[in-house]
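Numbering-wise (this note's numbering), the sequence shown opens with residue 9 and increments by one.
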Amino acid sequence: MARILTGVQSTGTPHLGNIIGAVLPAIEMAKNEQNESFLFIADFHSLTQIKDKSTLRKNTFETASTWLAFGLNPNKTIFYKQSDVSEVTELAWYLSCFFPFKRLTLAHSFKDKSANLKDINTGLFSYPMLMAADILLYDADIVPVGKDQLQHIEMTRDVASRFNNTYGETLIVPSSLIDTSIKFVPGTDGNKMSKSKNNLINVFLEKEKLKKQIMGIKTDSKNINEPKDFSSCTIFNLYKILAEKKDIEKLKNKYSKGNIGYGEAKQLLFELILNKFKHAREKFTYFQNNPEKVELALSQGAVKAKKIAQKTLKRVRAKLGY
Ligand code: ADP
Ligand code: TRP
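Okay, structure coming up:
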C-alpha cells in the first residue's frame, strides 16, 4: 500500500484548468483501494501572498468546496487544512536547519515569484522547507505534482536524506509522480488558463455569468458559412476536452464544412459545461449554503492528520534530543 499525498494552494476559486488538470485526476487516484490518500489545502503557504483574512478564508472554503463537489470522499481521503495541523511548522524549522541556504537560493519558483511580486518575504524564500515538512510529516511515499513543483520534491528528498544520514533512518524519502496524460486547458484567450491571467472559466458561476465568460472566448473573424480550422480554435479545443467522441466528430465536420458560426459553437460549449458539471454545480451551491458541512469534513480530517503528525514529530524530536 502506498501513501499518496498532495497539497493545493488556496489562492482563488479553482478554474476549469485546475479541475481537469488537478482535481479530477487526484480524485480518480484516491479511488484506488490499494492506496491511502491525503489531500490538504496549503493555507499556510497562501500567507506568503495573501494578507487579507476574509480573502484567505474564502479561498480556502471555495477550494475545499470544489474538491468535495467533484466527489472527494472525506471518509476515504484524509482531507484537511494545513493550518489545522500546526506541527508542520515545527518540522519545517528542524528541516531548515539541515538544508544549505545556498541550495534554497537556487529555487526556480522563488526566482520566478520574486521577479513578479512586490512582497518578497522570508516565507516565500523558505517555502520549500514548509512543503518538505508537509510531505515528511505524513511519511508520504508518492507525491503527485505539476512539473513546476518537481524541484521542491527534489529538495524534500534531499533534506530527508540529510536528516537520515545524520540521525539514522527517520524520514521516508518520497517519490514524485507526474501525470503526463494531463491535458493543457486553454483559457478564453487561447493561452494556458491561469488564475494570474484574465482568461478563466469558472464552472461554478451562475448561468448568465458563465455564459458571458464563454461568449468572451477569442476567435478569428470568419463568417458563419466559411470553413474553419477547428484545431486552432479555442472553443473547439475546450469542447474536445469535455465532449463525447461522436459529438467531437460532429463539430469537427461542421467547422470543416462551414456549417457553424462561432456564436453557435460557444452556445454548444456552454450547454456542454452546464450538462457535464450539473451535479458538481449543485453540490458546490449546496456547500455554499451549508458551510458547516465543509468545516466538518475538514475538521474531521484534521483530527486524523494530527494523530499521524504527532507520531512523526515525536520520532524526530527523540532523534534530535528534545
Ligand atoms: P494557476 O496557474 O491558475 O495559478 P496553479 O499553478 O495553482 O494554477 O495550479 C494548480 C494545479 O492545477 C496544478 O496541478 C496545475 O498543473 C493545474 N493546472 C493549472 N492550470 C491548468 C491548465 N490550464 N490546464 C491543466 N492543468 C492546469
Ligand atoms: N507548492 C504546491 C503548489 O503550489 C502546493 C503544496 C504545498 C504541495 N505543500 C505541498 C504540493 C506538498 C504537494 C505536496 O502547487
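Using N, Cα and C, we set each Cβ at its ideal position, and we do this for glycine too.
Residues near residue i by beta carbon distance below 8 Å, same chain, minus five either side
i	result
ALA100	SER134, MET137, LEU138, ALA140 and ALA141
MET37	ILE12, ASN43, SER45 and PRO152
ALA305	ALA72, LEU76, PRO82 and PHE87
Cβ neighbours of residue i in the same chain (closer than 6 Å, five flanking residues each side left out)
i	result
ILE268	LYS262
PHE52	GLN90 and SER91
GLN159	HIS116
GLY266	ASN233, GLU234 and PRO235
PHE106	VAL167, ARG170 and PHE171
THR174	none
Which residues DSSP lists as bridging residue i, in chain order
i	result
VAL16	ILE49
PRO194	LYS200
ASN43	ALA10
LEU259	None, per the DSSP bridge assignment.
SER73	BP columns for SER73 are empty, so no partner.
SER134	SER134 is not bridged to any residue.
PHE87	LEU47
LYS182	Before going further, note that residue 182 is Pro rather than Lys in the sequence given. Paired residue(s): none; PRO182 is not in a bridge.
ASP151	Sequence check: residue 151 is Val here, not Asp. DSSP, once it has assigned bridges, lists SER184 as partnering VAL151.
Cβ neighbours of residue i in the same chain (closer than 7 Å, five flanking residues each side left out)
i	result
THR56	ASN129, GLY131, LEU132 and TYR135
ALA34	THR14, LEU47 and PRO152
THR178	PHE171, ASN172, ARG323, VAL324 and LYS327
ALA77	ALA288, LYS291, PHE292 and PHE295
VAL93	ALA310, ALA313, LYS314 and ALA317
ASP147	ARG11, ILE180 and THR320
LYS121	LEU132
ILE28	LYS191, VAL193 and ILE249
LYS301	PHE295
Minimum C-alpha distance to residue i - residue among the options
i	options	result
ALA317	THR227, SER18 and LEU144	LEU144
ASP166	PRO108, LYS155, ASP127 and GLY198	PRO108
LYS220	ASP156, LYS284 and GLY271	GLY271
LYS39	SER62, PRO82, ILE58 and ILE27	PRO82
ALA251	ILE281, ASN210 and SER264	ILE281
PHE244	GLY198, GLU216 and GLY79	GLY198
LYS286	GLU300, GLY79, THR113 and LYS155	GLY79
ILE49	GLY29, ILE28 and PRO22	PRO22
ALA72	SER104, GLY20 and GLU98	GLY20
LEU337	LYS284, LYS155, PRO299 and GLN157	Here the chain has residues from 9 to 330 only, and residue 337 is not among them.
GLU344	ASP156, SER122, ASN298 and LYS84	Because the chain is modelled from 9 through 330, residue 344 falls outside the range shown and cannot be assessed.
ALA273	ASN297, LEU246 and PRO299	LEU246
GLN275	ASN207, GLU216, LYS203 and VAL96	GLU216
VAL211	GLU303, ALA123, THR74 and SER264	THR74
Distance between residue j and residue i (C-alpha atoms, nearest Å)
i	j	result
TYR330	ILE86	29 Å
SER18	ARG111	26 Å
GLN1	LEU125	No information on residue 1 is available, as it lies outside the stretch 9 to 330 that the chain covers here.
LEU213	CYS241	23 Å
TYR88	VAL31	15 Å
TYR102	PHE69	30 Å
ASP149	THR164	12 Å
GLY176	SER169	9 Å
LEU64	LYS258	44 Å
ASN231	ASN26	33 Å
SER239	ASP187	24 Å
MET9	MET201	35 Å
ASP255	PHE278	14 Å
PHE118	ILE209	28 Å
SER104	VAL16	22 Å
LEU185	PRO299	33 Å
ALA161	GLY154	Looking at the sequence itself, residue 161 is Ile, so the reference to Ala does not match. Computed Cα separation, rounded: 11 Å.
LYS260	LYS203	29 Å
THR113	VAL96	22 Å
SER189	ASP156	16 Å
SER54	ASN297	25 Å
LYS61	SER183	34 Å
ASP237	GLU98	56 Å
Cβ-heavy atom distance, residue i to ligand 3, below 7 Å
i	result
GLY198	Ligand 3 is not among the ligands present in this structure, which contains only ligand 1 and ligand 2.
Chain D within 8 Å of residue i, Cβ atoms only
i	result
ALA168	In the structure shown, chain D does not exist; there is a single protein chain.
**Report entry** Contact the segment 181-201 vs the segment 222-242: 3+ CB pairs below 8 Å
**Finding:** yes
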